[in-house]
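Number of protein chains: 2
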Amino acid sequence: MSYVKSLRGKESGVDYPIEPRTICDSDFGPVEVTYDYEAMKGKVTRESIEAGPLSLWRYRDLLPIENEPRAGLQSGWTPLVKADRLAKHLGVKELYIKDDSANYPSFSYKDRVVAVAVTKAFEFGFDTVGCASTGNLAHSVSAHAAAAGLKACVMVPHDLEAGKMVGMNVFGPRVVRIEGNYDDVNRLCSQIADKYNWAIVNVNLRPFYTEGAKTHGFEIAEQMGWKLPKHTVVPVAGGTILPKIWKGYQEFIELGLVEDNKPAMYGAQAEGCNPIVTALEEEAELFRPQKPNTIAKSIAIGNPADGYYVLKNIRESGGYGASASDPEILEAIKLLAEHEGIFTEPAGGTTMACAIKLIKSGRIPKDEPICVCITGNGLKTLEAMDGQFPESRAIPAKMADFDQLIQETSQTKEPAHV
Amino acid sequence: MSYVKSLRGKESGVDYPIEPRTICDSDFGPVEVTYDYEAMKGKVTRESIEAGPLSLWRYRDLLPIENEPRAGLQSGWTPLVKADRLAKHLGVKELYIKDDSANYPSFSYKDRVVAVAVTKAFEFGFDTVGCASTGNLAHSVSAHAAAAGLKACVMVPHDLEAGKMVGMNVFGPRVVRIEGNYDDVNRLCSQIADKYNWAIVNVNLRPFYTEGAKTHGFEIAEQMGWKLPKHTVVPVAGGTILPKIWKGYQEFIELGLVEDNKPAMYGAQAEGCNPIVTALEEEAELFRPQKPNTIAKSIAIGNPADGYYVLKNIRESGGYGASASDPEILEAIKLLAEHEGIFTEPAGGTTMACAIKLIKSGRIPKDEPICVCITGNGLKTLEAMDGQFPESRAIPAKMADFDQLIQETSQTKEPAHV
Numbered sequence: 001m002s003y004v005k006s007l008r009g010k011e012s013g014v015d016y017p018i019e020p021r022t023i024c025d026s027d028f029g030p031v032e033v034t035y036d037y038e039a040m041k042g043k044v045t046r047e048s049i050e051a052g053p054l055s056l057w058r059y060r061d062l063l064p065i066e067n068e069p070r071a072g073l074q075s076g077w078t079p080l081v082k083a084d085r086l087a088k089h090l091g092v093k094e095l096y097i098k099d100d101s102a103n104y105p106s107f108s109y110k111d112r113v114v115a116v117a118v119t120k121a122f123e124f125g126f127d128t129v130g131c132a133s134t135g136n137l138a139h140s141v142s143a144h145a146a147a148a149g150l151k152a153c154v155m156v157p158h159d160l161e162a163g164k165m166v167g168m169n170v171f172g173p174r175v176v177r178i179e180g181n182y183d184d185v186n187r188l189c190s191q192i193a194d195k196y197n198w199a200i201v202n203v204n205l206r207p208f209y210t211e212g213a214k215t216h217g218f219e220i221a222e223q224m225g226w227k228l229p230k231h232t233v234v235p236v237a238g239g240t241i242l243p244k245i246w247k248g249y250q251e252f253i254e255l256g257l258v259e260d261n262k263p264a265m266y267g268a269q270a271e272g273c274n275p276i277v278t279a280l281e282e283e284a285e286l287f288r289p290q291k292p293n294t295i296a297k298s299i300a301i302g303n304p305a306d307g308y309y310v311l312k313n314i315r316e317s318g319g320y321g322a323s324a325s326d327p328e329i330l331e332a333i334k335l336l337a338e339h340e341g342i343f344t345e346p347a348g349g350t351t352m353a354c355a356i357k358l359i360k361s362g363r364i365p366k367d368e369p370i371c372v373c374i375t376g377n378g379l380k381t382l383e384a385m386d387g388q389f390p391e392s393r394a395i396p397a398k399m400a401d402f403d404q405l406i407q408e409t410s411q412t413k414e415p416a417h418v
Numbered sequence: 001m002s003y004v005k006s007l008r009g010k011e012s013g014v015d016y017p018i019e020p021r022t023i024c025d026s027d028f029g030p031v032e033v034t035y036d037y038e039a040m041k042g043k044v045t046r047e048s049i050e051a052g053p054l055s056l057w058r059y060r061d062l063l064p065i066e067n068e069p070r071a072g073l074q075s076g077w078t079p080l081v082k083a084d085r086l087a088k089h090l091g092v093k094e095l096y097i098k099d100d101s102a103n104y105p106s107f108s109y110k111d112r113v114v115a116v117a118v119t120k121a122f123e124f125g126f127d128t129v130g131c132a133s134t135g136n137l138a139h140s141v142s143a144h145a146a147a148a149g150l151k152a153c154v155m156v157p158h159d160l161e162a163g164k165m166v167g168m169n170v171f172g173p174r175v176v177r178i179e180g181n182y183d184d185v186n187r188l189c190s191q192i193a194d195k196y197n198w199a200i201v202n203v204n205l206r207p208f209y210t211e212g213a214k215t216h217g218f219e220i221a222e223q224m225g226w227k228l229p230k231h232t233v234v235p236v237a238g239g240t241i242l243p244k245i246w247k248g249y250q251e252f253i254e255l256g257l258v259e260d261n262k263p264a265m266y267g268a269q270a271e272g273c274n275p276i277v278t279a280l281e282e283e284a285e286l287f288r289p290q291k292p293n294t295i296a297k298s299i300a301i302g303n304p305a306d307g308y309y310v311l312k313n314i315r316e317s318g319g320y321g322a323s324a325s326d327p328e329i330l331e332a333i334k335l336l337a338e339h340e341g342i343f344t345e346p347a348g349g350t351t352m353a354c355a356i357k358l359i360k361s362g363r364i365p366k367d368e369p370i371c372v373c374i375t376g377n378g379l380k381t382l383e384a385m386d387g388q389f390p391e392s393r394a395i396p397a398k399m400a401d402f403d404q405l406i407q408e409t410s411q412t413k414e415p416a417h418v
């Protein structure tokens, strides 16, 4: 049993049965899963959720699956870190890091959306799953497919980081490298889904896939003690996660699980790919696609599929956006690592850097609870740190040499986090 | 309050107060924390543990801390994966993977021992923590120190994998590269601990540090539903974890938390560094140190500090050991990834390869529950996979090119996990 009502054109309002579907036939807009919230009331409660498994599946009543989960049984329920050292450094009162760099099994937020999509692929009877990806999604699809015993074919831009390539290849998928950027890969995947009858998770399973991203928001609320942060800073790539965290917050409010504190949403982008932030700054109704050029490759999506909704939700919520340069991104990666022991990829550095800018500019007040959403792991993008840590001279294994080194370097370098 | 009784010479039986201590003064042997198990009875129960936090600190009554934990509040409680696809492939009935490659915050089992050691460093009033490390330990010490606001100085062999170097440098510790192998680094660290009054976690905090490794075993037992696996396969490097899993199992038996099913322990080593397995095969009472030469650098310790106890516990338990060659290690990494979606480092490949050898040789029967302990993450040792996945040709973002590629490659390659 589930509380799912229909697949509905987000703009058209046209209802469709629960089926693989990329867009609404009437207006070519997106489709979204709708639920019977009335039926949930009194049944989907804090207690019912707390009695569930320690994974994103504790929220299964708010996810579009009909039968038992078939993937991601250990995905989600990632740490919400109360970042007191970083809060002190930034002069803010209450700062949280929602850390999906520790997600399972592939160490990014994508494990949430893929867990739902792979389960749905089983329900629809597909034997092959695939995706268009900037790296993290292909990694996650490959890992989940391997664990579930499905075939996988993942499509990626030709210039991905080596770590991400090995990280996905090891699971044995077919990896197809495409000349072009993510937007080129994505366009090709729409055709592939139709022709090959594969479950391309972010194309023909997109309405189900994106619902998984709500769990990032659900967990923030539950882990804060059934409260919403007043300010949530989220990276914007294709535009899935921000609107879905927002939807998750609204669902929790609707069900009476949290109080409505009018949470505000903030979008974070790299300067080299910031169509959404540009639209916010220019107060434009629509965004203009861009050609990406940034070290934050996992969020380098110039034409975000759900960008319209990112803009809409940010504005509705009273939030805003910011962009970070490549050097600012690297600085923020180090700042987060040195204060909280968390090593994120450039996308996370972007989010952290933008949060800092929004705090410094006064857009986010220092005395209200702030949550920064970290969505990927730094171990997959080591290239981004090239040249940041010059190799130190190796010394002989002798006390005298050690003493001398300590004397020399203590004059020049104190550990940055002290 | 705690149940700690003393620090006791393991061989001499001499008791010491709870203090930083590397060895027993009377016989230069190791010292170990002892507890008052009688006082625990009826108080440390399945229920009391289940009511604890979702981290290794749920076992704090069996850990040597006096006050509140100061580190690793999110460490431990890693997935125990029921590996049904791999079990089927190997023809065994019940196979579990205890997956510390997903440990927090640094993605190896070392987060367990460091969480305890850093908490203890606070209790003893140290302001600097350090270690001798093959990589994972330095990574963990650096991350925990950053999060806790302690200074860190980590000592490593000069030839560590680049991923591990970046992975630790980002947290801002002082990193000292030493000419020589781990055993050389370790010897130097004993002198450093004395001279600098630093908490070298695996030297002068070793008795406390090692206790953290018990939690790997506690979690296996609790996650199996308060049962012990009949066979546990564990990598052997310095020799900390195998004896401590064994001690954890025995403590749970002593406290009546699990039934005594006579669990057997198996040691896994790389062929290029297998002093313990050689001693087992030669039925020698003591092991002979070796000069390591293997891709499994994180377990390349030729003179294991606690090797004597590894041998002793393996023999007492009725277990055995095996070694794996570098190619076998790489094959096992891929096998685990392709069947269970878990990407481990060469140490984990070693453990998996050795488990397979022990099963194939009949040392481990196919019809009894087996647990394989995976202790580190493959994303930190990407170099080990160099040449395993030749880069495929990039194709234009056109359907005709995609069709052709699929046609070509479907004739030559099926995804390995199908």
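From first to last, the protein sequence lines stand for chains A and B.
Each residue of the first sequence is one higher than the one before, starting from 1 at the first, in the UniProt record's numbering.
Each residue of the second sequence is one higher than the one before, starting from 1 at the first, in the UniProt record's numbering.
All residues carry an ideal CB built from backbone N, CA and C; glycine is no exception.
Contact with chain A by residue i, beta-carbon distance below 8 Å
| i | result |
| --- | --- |
| E259 of chain B | no |
| L54 of chain B | yes |
| T409 of chain B | yes |
| H339 of chain B | yes |
| P346 of chain B | no |
| K380 of chain B | yes |
| E179 of chain B | yes |
| A322 of chain B | no |
| G130 of chain B | no |
| M265 of chain B | no |
| H144 of chain B | yes |
Interface flag, residue i vs chain B, CB-CB below 8 Å
| i | result |
| --- | --- |
| N202 of chain A | no |
| A121 of chain A | no |
| R174 of chain A | yes |
| M1 of chain A | no |
| F171 of chain A | yes |
| residue 421 of chain A | Because chain A in this structure spans residues 1 to 418, residue 421 of chain A falls outside the shown range and cannot be described. |
| R187 of chain A | yes |
| Q404 of chain A | no |
| D184 of chain A | yes |
Beta-carbon contacts of residue i that lie in its chain and below 7 Å, excluding the five residues immediately before and after
| i | result |
| --- | --- |
| G180 of chain B | P157 |
| Y209 of chain A | V113, V116, A117, V201, N202 |
| W246 of chain A | M265, N313, S317 |
| V185 of chain B | A132, M155, V156, P157, I178 |
| E11 of chain B | D27, G29 |
| F402 of chain A | I395 |
| residue 420 of chain A | Since the first and last residues shown for chain A are 1 and 418, residue 420 of chain A lies out of range. |
Same chain, Cβ closer than 6 Å to residue i, five either side skipped, listed in chain order
| i | result |
| --- | --- |
| K88 of chain B | none |
| Y249 of chain B | G217, L228, P263 |
| S2 of chain A | E66 |
| D36 of chain A | Y3, K5 |
| L382 of chain B | G163 |
| N136 of chain A | S108, K110, S298, G376 |
Residues of its chain near residue i, where Cβ-Cβ distance is below 8 Å and the 5 sequence neighbours each way are ignored
| i | result |
| --- | --- |
| V310 of chain B | V236, G239, L242, P243, G267, I276, P304 |
Anticipated Cβ contact below 8 Å, residue i with residue j, distance rounded
| i | j | result |
| --- | --- | --- |
| G212 of chain A | L63 of chain A | 7 Å |
| A384 of chain B | K357 of chain B | No, A384 of chain B and K357 of chain B are not in contact; Cβ-Cβ is about 20 Å, not under 8 Å. |
Cβ-heavy atom distance, residue i to the ligand SAM, below 7 Å
| i | result |
| --- | --- |
| D36 of chain B | Inclusion of the ligand SAM in the displayed structure is not the case, the ligand content being empty and no account of it being possible. |
> What are the complete beta strand (DSSP E) segments, minimum 3 residues, inside the region 174–239 of chain A?
Replying inline: 174–178, 231–235
> Are at least three pairs of beta-carbons, each pair with one atom in the region 197–216 of chain B and one in the region 126–138 of chain B, less than 8 Å apart?
Replying inline: Using a Cβ-Cβ distance cut-off of 8 Å, the region 197–216 of chain B and the region 126–138 of chain B are in contact, since at least three pairs of beta carbons, one from each stretch, lie closer than that value.
> When the Cβ atoms of the region 141–150 of chain B are set against those of the region 109–122 of chain B, are three or more pairs found closer than 8 Å?
Replying inline: yes
> Okay, do the region 54–63 of chain A and the region 79–86 of chain A touch, 3+ Cβ pairs below 8 Å being the bar?
Replying inline: Segment contact: the region 54–63 of chain A against the region 79–86 of chain A, fewer than three CB-CB distances shorter than 8 Å; contact not assigned.
>> Within 8 Å, do at least three Cβ pairs link the region 293–303 of chain A to the region 373–389 of chain A?
In response: yes
>> I'd like to know if the region 272–290 of chain B and the region 163–173 of chain B are in contact, where contact means that at least 3 CB-CB pairs between them fall below 8 Å.
In response: Contact fails: fewer than three Cβ-Cβ distances are below 8 Å.
> Which full runs of the beta strand (DSSP E) of 3+ residues lie inside the region 46–88 of chain B, going along the chain?
Replying inline: 80–82
> Per the contact definition of three or more C-beta pairs closer than 8 Å, is the region 339–349 of chain A in contact with the region 359–369 of chain A?
Replying inline: no
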